[in-house]
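Here the sequence shown is numbered in the numbering used here, starting from 39 and rising by one per residue. Beta carbons: idealized from backbone N, C-alpha and C, even for Gly.
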Amino acid sequence: MNIPKLQIQSTKAQIGLTIQKPVQEIQQPKANLDLQQPKAILKMETTKSKLSIDTTEARADLDLKSSRRRTSEVAQHSQEEAMNGIARRAQEGNELMRIENGGNPIASHASNWGKQPYSSLNIKFVPSAGSVKVNFEPGNVDIQVEQQKVINNSKANKPIHNYTPGKVKVEMLQDPSMKIDWLV
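Structural data, given as structure tokens:
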């Protein structure tokens with residue numbers, strides 16, 4: 039017995055894809071760098087220190103006196119000796135004038151004139167302490183600094199970006215089909 043048969047034939051569809059990849063280009067140009075640092079303004083004012091050393095008295099202790107000082111001292115000593123001599127002669131004259139009061143003024147005057155004065159032996163430290171005078175006035179330094187700001191003219195460059203999008207092309211390589219047939 040012949041039974042009818044159903045026969046089906048199908049063909050699958052085939053799709054073809056043509057892909058063009060996207061292209062992306064990125065470039066980063068270097069920044070334009072322009073930095074300047076002006077010098078700081080520096081002002082300095084100084085007052086000099088003063089040191090004075092007076093050795094006049096120390097030199098005088100060593101008998102190294104100036105001619106002016108030596109002349110002054112000799113004049114003063116001479117005046118004192120002259121005054122002492124006048125006073126001594128006045129006293130001797132008064133004693134001779136009062137000879138009637140007794141005593142022997144002429145013999146005592148002669149014995150006083152004939153004696154040499156005793157000289158003393160002393161130890162003297164030369165120069166004497168405190169004979170050198172030192173005076174010091176310290177100096178002063180005034181420093182003023184005026185800072186200068188940095189001049190920044192730098193420029194950042196934007197990136198260069200080129201983008202070509204990709205493409206996809208779709209095409210049917212094989213159309214689908216279906217064939218139905220009866221076999222008897």
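What three-state label does DSSP hand residue i in the structure shown?
{"i": "I41", "result": "coil"}
{"i": "V226", "result": "With the chain covering 39 to 222 only, the question about residue 226 has no answer from this structure."}
{"i": "T84", "result": "strand"}
{"i": "T93", "result": "coil"}
{"i": "V222", "result": "coil"}
{"i": "D180", "result": "strand"}
{"i": "N191", "result": "coil"}
{"i": "N142", "result": "coil"}
Beta strand (DSSP E) containing residue i: first to last residue?
{"i": "I161", "result": "No beta strand (DSSP E) contains I161, which DSSP labels as neither H nor E."}
{"i": "Q62", "result": "61-65"}
{"i": "G54", "result": "52-58"}
{"i": "Y156", "result": "Here Y156 belongs to no beta strand (DSSP E), and DSSP marks it neither H nor E."}
{"i": "K207", "result": "205-212"}
{"i": "N70", "result": "Run containing N70: none; DSSP gives neither H nor E here."}
Is any beta-carbon of chain B found at less than 7 angstroms from that of residue i?
{"i": "K193", "result": "Note that chain B does not occur in the displayed structure, where there is just one protein chain."}
Smallest Cα separation from residue i: which of the options?
{"i": "Y201", "options": "N139, S104, Q62", "result": "Q62"}
{"i": "G54", "options": "Y156, G204, L211", "result": "L211"}
{"i": "G204", "options": "T49, I198, I57, Q117", "result": "I57"}
{"i": "E4", "options": "N191, W220, I189, D180", "result": "Past the boundaries of the shown model lies residue 4; the chain is included only from 39 to 222, so the question cannot be answered."}
{"i": "G177", "options": "L221, S192, L89, N195", "result": "L89"}
{"i": "N70", "options": "H115, I41, S192", "result": "S192"}
{"i": "W151", "options": "I137, E130, G140", "result": "E130"}
{"i": "L102", "options": "V164, V183, E209, D213", "result": "V164"}
Please list the terminal residues of the continuous alpha helix (DSSP H) segment that includes residue i.
{"i": "N122", "result": "105-135"}
_With a threshold of 8 angstroms, are at least 3 pairs of Cβ atoms found where one atom belongs to the segment 165-181 and the other to the segment 90-97?_
Per the Cβ contact rule, the segment 165-181 is in contact with the segment 90-97 (3 or more Cβ pairs under 8 angstroms).
*May I ask you to verify whether the segment 182-191 touches the segment 63-77, counting CB pairs closer than 8 angstroms and requiring at least 3?*
The segment 182-191 is in contact with the segment 63-77.
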